[in-house]
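Residue 1128 is where the sequence shown starts when you use our numbering, and the numbers rise one by one after that.
The C-beta atom is built at its ideal place from N, Cα and C for all residues, glycine as well.
The model shown is predicted, which means the values in this text are computed figures rather than measured ones.
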Amino acid sequence: MSENTSTDLVYAIACASDSSVCFAARASGLYRSLDGGHSWQPAYNSLALNEPLATIAVVVSPDFAGDRTAIAGVSGGVLYSTDGGETWQAVMLGSPPPVVSTLVVSPNFVVDGIVLAGTMEDGVFRSADRGRHWAAWNFGLLDLNVLCLAISPNFAGDETLFAGVDTGIFRSTNGGRAWREVELPFGYDPVISLKLSPYYAQDGLLFAGTESQGLWRSADRGASWTRLGADVLAGPVNAIVLAPDFGTSAALLVMAGDTLYFSRDGGESWDEKTLTIPGLTTVAAPQGIDAPLLVGLESGAIARVSPPG
């Protein structure tokens, strides 16, 4: 364990592509690591806050090494930094203030500056200037309680986004301007995690984790679905992490309840070895799923753990 408090919850962990700089969104605020998650320090010191600022979501620019941009989601709005997390600027998203629950940045962020924020009761907000100005983009989004977002790796070409909500999944094919419900075989269960294949433009592959109906995979951009690991995965599927070389290895891990499960064939089968961590809340794999993982716990601990060998 590298950092711990008694009553603190880790909501999300995001790392730069070289894994050296990482951020952890916690109930007590945002924390930053400059050594790949070995040690952590508060990131909001420059704000001189009088009380903790609970932070639920955090993302970093795909070109973090160049633009040093990080964006954090809080109750009421977002904060953005362009100096690697040293200083932050706050942007309110409207009144009543929405609670930002999830964030995604465009893979082409260097050029388009697009970032989207999902909120707990107010739908999706979109910024096209690196987080400085925002507008609600909810046409067709019939469920405004957004639990997760996923963006196409080929967003510059297909403008495709998926939103997991309390009642299922909505898809946008015009950059978030309009949404349409995705028909699902399991009814109206909350979708709490989404992940698209790095080759989504070619294979149309996406995964969806639900609160009570397990893990699902679509190989045709959401037109049809297959349940995976029904006899193995137990608990809500809160996170899905694909290996960096998923296109060739088909390796992934999922967080279901307090346990991490590993698959080497796209979810068709699952390794006998799992990793159970009591109080597990989130997981990140900055160097791949076979390298040390970063996990967050209900207690506020942020730990580096080795996957089962």
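Are the beta-carbon atoms belonging to residue i and residue j less than 9 Å from one another?
| i | j | result |
| --- | --- | --- |
| Pro1434 | Ala1418 | yes |
| Tyr1315 | Gly1291 | no |
| Phe1150 | Val1185 | yes |
| Leu1288 | Gly1303 | yes |
| Leu1161 | Gly1423 | no |
| Ala1439 | Ile1416 | In the structure displayed, the chain extends from 1128 to 1436; residue 1439 sits before or after that span and is not available. |
| Gly1163 | Ser1146 | yes |
| Ser1202 | Pro1179 | no |
| Val1237 | Pro1280 | no |
| Ser1390 | Ala1378 | yes |
| Phe1297 | Leu1332 | no |
| Gly1250 | Val1273 | yes |
| Phe1191 | Val1227 | no |
| Ala1175 | Arg1153 | no |
| Ala1388 | Gly1356 | It should be pointed out that residue 1388 corresponds to Tyr in this sequence rather than to Ala. Contact flag set, yes. |
| Cys1275 | Val1318 | yes |
| Pro1223 | Ile1278 | no |
| Ala1335 | Trp1343 | yes |
Assign residue i to one of three DSSP states: helix, strand, or coil.
| i | result |
| --- | --- |
| Phe1150 | strand |
| Thr1375 | helix |
| Ala1283 | helix |
| Ala1328 | helix |
| Val1238 | helix |
| Ser1339 | coil |
| Glu1308 | strand |
| Val1359 | coil |
| Met1382 | strand |
| Ala1141 | strand |
| Gly1388 | Note that residue 1388 is Tyr in the sequence shown, not Gly. In the structure shown, Tyr1388 sits in a strand (DSSP, three-state: E or B). |
| Ala1428 | coil |
| Arg1259 | coil |
| Leu1500 | Examination of residue 1500 is not possible in this model, given that the chain is present from 1128 through 1436 alone. |
| Phe1252 | strand |
| Ala1277 | strand |
| Gly1245 | strand |
| Thr1401 | coil |
| Leu1269 | coil |
| Asp1135 | coil |
| Ile1416 | coil |
| Ala1370 | coil |
| Phe1334 | strand |
| Met1128 | Model confidence at Met1128 stands at a pLDDT of 37, short of 50, so the residue's coordinates are unreliable; what they give is reported in the following sentence. It is coil, neither helix nor strand. |
| Asn1365 | strand |
Over the uninterrupted beta strand (DSSP E) stretch that includes residue i, give me the two end residues.
| i | result |
| --- | --- |
| Ser1299 | 1295–1299 |
| Ala1073 | Missing from the structure shown is residue 1073; the chain here goes from 1128 to 1436 and no further. |
| Gly1291 | 1288–1292 |
| Ser1320 | 1318–1323 |
9 Å is my cut-off, CB to CB: does residue i come that close to chain B?
| i | result |
| --- | --- |
| Val1185 | Going by chain labels, chain B is absent from the structure shown, which holds only one protein chain. |
Original post:
Can you list the alpha helix (DSSP H) stretches of 4 or more residues lying completely in the region 1148–1235, in chain order?
Top reply: 1191–1194
**OP:** Say whether the region 1325–1340 touches the region 1362–1371, bearing in mind that this needs 3 or more beta-carbon pairs closer than 8 Å, one atom from each stretch.
**Re:** Yes, they touch.
**OP:** Decide if the region 1169–1176 is in contact with the region 1213–1229; the criterion is three or more beta carbon pairs, one per stretch, under 8 Å apart.
**Re:** yes
Original post:
Is the region 1388–1406 close to the region 1140–1147, with three or more CB pairs under 8 Å?
Top reply: Contact between the region 1388–1406 and the region 1140–1147 is absent, because fewer than three Cβ pairs lie under 8 Å.
Original post:
Taking contact to mean at least 3 C-beta pairs separated by less than 8 Å, is the region 1324–1334 in contact with the region 1250–1265?
Top reply: no
Subject >> Meets three-Cβ-pair contact criterion under 8 Å: the region 1373–1388 and the region 1305–1313 >> reply: Three or more beta-carbon pairs separated by less than 8 Å are not found between the region 1373–1388 and the region 1305–1313, which leaves the two stretches without contact.
Original post:
Taking one C-beta from the region 1196–1213 and one from the region 1228–1248 each time, how about it: are there three or more such pairs within less than 8 Å?
Top reply: In short, these stretches touch, since the Cβ pair count reaches three.
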